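Each remark here refers to the structure printed beneath this line.
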Amino acid sequence: MNAIERRQLREDGWEDWSMTFHKPLRVLWPLVQMRVLMPADVCVAAYYLSYMEVGTSMVEVTTSQAAQDLGMLVPNVSGSLKRLRTAGAMVKGKRGTGYVWMLNPSLIHAGGAPKMQKRQAQWDRMVEEAR
Numbered sequence: 004m005n006a007i008e009r010r011q012l013r014e015d016g017w018e019d020w021s022m023t024f025h026k027p028l029r030v031l032w033p034l035v036q037m038r039v040l041m042p043a044d045v046c047v048a049a050y051y052l053s054y055m056e057v058g059t060s061m062v063e064v065t066t067s068q069a070a071q072d073l074g075m076l077v078p079n080v081s082g083s084l085k086r087l088r089t090a091g092a093m094v095k096g097k098r099g100t101g102y103v104w105m106l107n108p109s110l111i112h113a114g115g116a117p118k119m120q121k122r123q124a125q126w127d128r129m130v131e132e133a134r
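When we follow the working numbering, the leftmost residue of the sequence shown carries the number 4, and every step to the right adds one.
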């Protein structure tokens, strides 16, 4: 990160900034190769990752919003989300009157050990509620 980017980050705030450990994401590529996931599914996951709340790993994006932004049909985005859930990359839960998505914290390493433990506990609760 250069000086201009650091200054801009200080001016904009830290809300939309995170560092992630990318190696765990590599587990997705064999799933694409085995046709458990489709290439578009990884694109959908990256889109949802771009809207992830850093502190919680939660994403509040509607399927129709994702479809519009990605230039995809809603049924195709829904199919991608279903395959991502089946592969254990995402889980869907309720928040208030709507739905929220959570990316698997073992794939998205953001923050230190206490935050990771908190996210893992939230993930486990959401997976249990989704059953």
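Beta carbons: idealized from backbone N, C-alpha and C, even for Gly. Treat the numbers as computed from the prediction; the structure is a model and nothing was measured.
Looking at the secondary structure, which residues open and close the beta strand (DSSP E) in which residue i lies?
i, result
"Arg98", "Met93 to Arg98"
"Gly101", "Gly101 to Leu106"
Sort out for me which residues DSSP pairs residue i with in a bridge.
i, result
"Met135", "For residue 135 there is no data in the structure shown, the boundaries of the chain being 4 and 134."
For residue i, which residues of its own chain have a beta-carbon under 8 Å away from its beta-carbon, when the five flanking residues on both sides are left out?
i, result
"Tyr50", "Val64, Ala69, Asp72 and Leu73"
"Arg98", "Met61 and Glu63"
"Glu131", "none"
"Leu34", "Leu40 and Ala90"
Would you decide whether residue i is buried or exposed? Buried here means 16 or more other CB atoms lie within 10 Å of its CB.
i, result
"Leu76", "exposed"
"Ser60", "buried"
"Arg10", "exposed"
"Ala48", "buried"
"Ala116", "exposed"
"Ala6", "exposed"
"Arg128", "exposed"
"Arg122", "buried"
"Met37", "exposed"
If you follow the alpha helix (DSSP H) that residue i is part of, which residue opens it and which one closes it?
i, result
"Val130", "Ala116 to Ala133"
"Leu84", "Val77 to Thr89"
"Tyr51", "Pro42 to Ser53"
"Val35", "Leu31 to Gln36"
"Leu110", "Leu110 -> no alpha helix (DSSP H), and no H or E assigned at all."
"Leu73", "Thr66 to Leu73"
For residue i, I'd like the list of residues in its chain whose CB is within less than 7 Å of its CB, leaving aside the five on either flank, ordered along the chain.
i, result
"Trp32", "none"
I'd like the list of long-range same chain contacts for residue i, defined as Cβ closer than 6 Å, with 5 residues on each side in sequence excluded.
i, result
"Val103", "Met61, Glu63 and Gly96"
Stretch pair the stretch 34-42 + the stretch 77-96: three plus CB contacts closer than 8 Å | With the cut-off at 8 Å, the stretch 34-42 and the stretch 77-96 touch.
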